[in-house]
Amino acid sequence: MAVVESRRRRKAAEATVPPTRNTTVNDFVNMKDDNGLGWLWGRRVVMFGDSVDRYMTQFFCEEFDSKMYLPIQDKSGRQAKGICEVPAFNLTLVYLHSVGSFTYRPDWWWIENLKNVAWEERWNIFWKPHEAPIQGPSGRPDLILWQNGLWDQRAFWEGGAAMHNEGDKPMTLKNRQMAWEEVRFVTARIKKIAKRLNDEFGEDVPIMFRALTVHRESGMGDAIMMEMDRLGRAVAEQAGHEMFEWAKLIHLLGNLYQDGLHPGKGAASWLWGNMVLEYLARSAGSEVGGEARSPYFSGWDACHKELSGWGGR
Numbered sequence: 059m060a061v062v063e064s065r066r067r068r069k070a071a072e073a074t075v076p077p078t079r080n081t082t083v084n085d086f087v088n089m090k091d092d093n094g095l096g097w098l099w100g101r102r103v104v105m106f107g108d109s110v111d112r113y114m115t116q117f118f119c120e121e122f123d124s125k126m127y128l129p130i131q132d133k134s135g136r137q138a139k140g141i142c143e144v145p146a147f148n149l150t151l152v153y154l155h156s157v158g159s160f161t162y163r164p165d166w167w168w169i170e171n172l173k174n175v176a177w178e179e180r181w182n183i184f185w186k187p188h189e190a191p192i193q194g195p196s197g198r199p200d201l202i203l204w205q206n207g208l209w210d211q212r213a214f215w216e217g218g219a220a221m222h223n224e225g226d227k228p229m230t231l232k233n234r235q236m237a238w239e240e241v242r243f244v245t246a247r248i249k250k251i252a253k254r255l256n257d258e259f260g261e262d263v264p265i266m267f268r269a270l271t272v273h274r275e276s277g278m279g280d281a282i283m284m285e286m287d288r289l290g291r292a293v294a295e296q297a298g299h300e301m302f303e304w305a306k307l308i309h310l311l312g313n314l315y316q317d318g319l320h321p322g323k324g325a326a327s328w329l330w331g332n333m334v335l336e337y338l339a340r341s342a343g344s345e346v347g348g349e350a351r352s353p354y355f356s357g358w359d360a361c362h363k364e365l366s367g368w369g370g371r
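And the structure:
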């Protein structure tokens with residue numbers, strides 16, 4: 059529905075805009091409440107994630123005939139920030155690329171051009187989120203998604219191989235569970251990240267931990283991912299964050315992947331986009347569905363207490 063309405067608005071706006079310029083947000087202001095989608099106007103979504111989130115943002119943008127752009131030109135941080143703007147709704151998605159929980163760049167790091175690894179360094183050097191267009195109608199982001207997963211898994215694989223002799227099991231194996239030291243480390247780090255998000259944006263901002271995706275061909279090789287997902291859920295509950303269960307819904311649906319790591323454009327990305335819009339509607343207090351879906355769409359707080367419990371999921 060949102061895609062169809064976006065195209066209708068674009069067609070109407072382009073009929074009145076001179077051919078010498080493209081349409082801008084200002085050309086859609088008088089349509090902002092059309093067809094029951096006024097709640098979407100001016101909304102802002104911020105994501106702290108990995109390339110899976112980047113692809114989903116890219117595909118979402120393309121559905122609305124727009125294009126995500128990468129404002130950072132430095133090759134060491136070129137993909138550290140992506141911005142998707144949908145002028146017909148004055149809607150903006152800001153993607154910020156996290157590379158895991160490590161507090162420094164180890165000598166064995168496997169990507170030469172990636173110099174700034176620590177979450178805090180990337181915040182200060184590349185993301186600078188408060189300088190990005192992240193303020194919605196309430197003066198803050200309308201929805202924040204965050205996770206650390208695939209990069210930590212790869213770091214534990216690489217670190218295990220680099221810091222132990224070949225054949226030293228289980229640390230040199232990929233199909234292993236987390237070591238106790240890794241559990242303690244990841245838990246401490248993601249607790250710090252969750253607290254930073256609360257401190258920076260306010261504990262009453264809609265913040266969700268995005269359940270972790272696994273590889274297309276999964277199994278014991280993703281045991282670390284499953285354990286980190288459970289850690290993330292527990293930390294999210296303590297921080298007052300809810301769960302964004304998209305990854306759980308496509309778990310084991312390898313046919314939806316575009317490669318060995320990334321869910322592709324199509325059913326997986328459509329589900330992601332629908333879920334983002336659903337949570338935005340709830341955040342906005344849009345009253346979508348009327349009494350039939352009350353109080354779910356009466357605002358974030360209406361059901362937050364019931365939805366923020368981990369519950370062993």
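Quick note on this note's numbering: the sequence shown kicks off at 59 and runs consecutively.
Quick reminder that beta carbons are idealized off the backbone N, C-alpha and C, glycines included.
Computed from a predicted model, the values in this text were never measured in an experiment.
Between the Cα of residue i and the Cα atoms of the options, which residue gives the shortest distance?
| i | options | result |
| --- | --- | --- |
| N88 | P353, N148 and L319 | N148 |
| W304 | T245, R288, S159 and F267 | F267 |
| R101 | S109, N182, K90 and G107 | K90 |
| Q316 | R274, A350, S156 and D262 | R274 |
| P145 | G290, A60, F106 and K323 | A60 |
| D210 | A325, D226, H320 and W177 | W177 |
| L307 | G298, W330 and F106 | W330 |
| I130 | D111, V152, Y113 and F122 | V152 |
| A213 | I282, N182, R254 and E179 | I282 |
| F184 | F106, S159, T115 and K125 | F106 |
| V104 | C361, P264, N80 and W167 | P264 |
| R291 | G312, G217, A269 and D280 | A269 |
| T81 | G94, D92 and R67 | R67 |
| S134 | V157, V244, C119 and D280 | V157 |
| W97 | C361, A360, S344 and D359 | S344 |
| A219 | W166, S196, A246 and D280 | W166 |
| S159 | D92, V244 and E72 | V244 |
| W358 | E258, P187, S196 and G225 | S196 |
| G322 | A339, H188 and F117 | F117 |
| R46 | E120, E258 and D257 | Since the first residue of the chain shown is 59 and the last is 371, residue 46 is not available in this structure. |
| V83 | A71, N93 and G94 | A71 |
Helix, strand or coil: which one does DSSP assign to residue i?
| i | result |
| --- | --- |
| G322 | coil |
| M284 | helix |
| Y153 | strand |
| R198 | coil |
| G357 | coil |
| G218 | helix |
| F106 | strand |
| Y127 | strand |
| W330 | helix |
| L338 | helix |
| W99 | coil |
| W204 | strand |
| K232 | coil |
| T122 | Looking at the sequence shown, residue 122 is not Thr but Phe. Correct three-state label for F122: coil. |
Where does residue i land, buried or exposed, given buried means 16+ other C-beta within 10 angstroms?
| i | result |
| --- | --- |
| M221 | exposed |
| M278 | exposed |
| L310 | exposed |
| W204 | buried |
| Y337 | buried |
| N174 | buried |
| A350 | exposed |
| G324 | exposed |
| W168 | exposed |
Using the Cα positions of residue i and residue j, report the straight-line distance between them to the nearest angstrom.
| i | j | result |
| --- | --- | --- |
| G207 | P76 | 47 Å |
| E143 | A252 | 26 Å |
| W99 | L128 | 23 Å |
| G347 | D132 | 46 Å |
| Y162 | E170 | 14 Å |
| S356 | V241 | 38 Å |
| L319 | V272 | 7 Å |
| K249 | A297 | 8 Å |
| V110 | A138 | 13 Å |
| S366 | A237 | 28 Å |
| L154 | L172 | 15 Å |
| S352 | D123 | 33 Å |
| K232 | E239 | 17 Å |
| P199 | N223 | 47 Å |
| G260 | T115 | 24 Å |
| E364 | S341 | 15 Å |
| D257 | T150 | 22 Å |
| F429 | T78 | For the chain, the structure presents residues 59 to 371; residue 429 sits outside this window and is missing. |
| G140 | C361 | 31 Å |
| R136 | L201 | 24 Å |
Please name the residue or residues paired with residue i in a DSSP beta bridge.
| i | result |
| --- | --- |
| M301 | F267 |
| E143 | T150 |
| Y162 | None, per the DSSP bridge assignment. |
| Y372 | With the chain covering only 59 through 371, there is no way to say anything about residue 372. |
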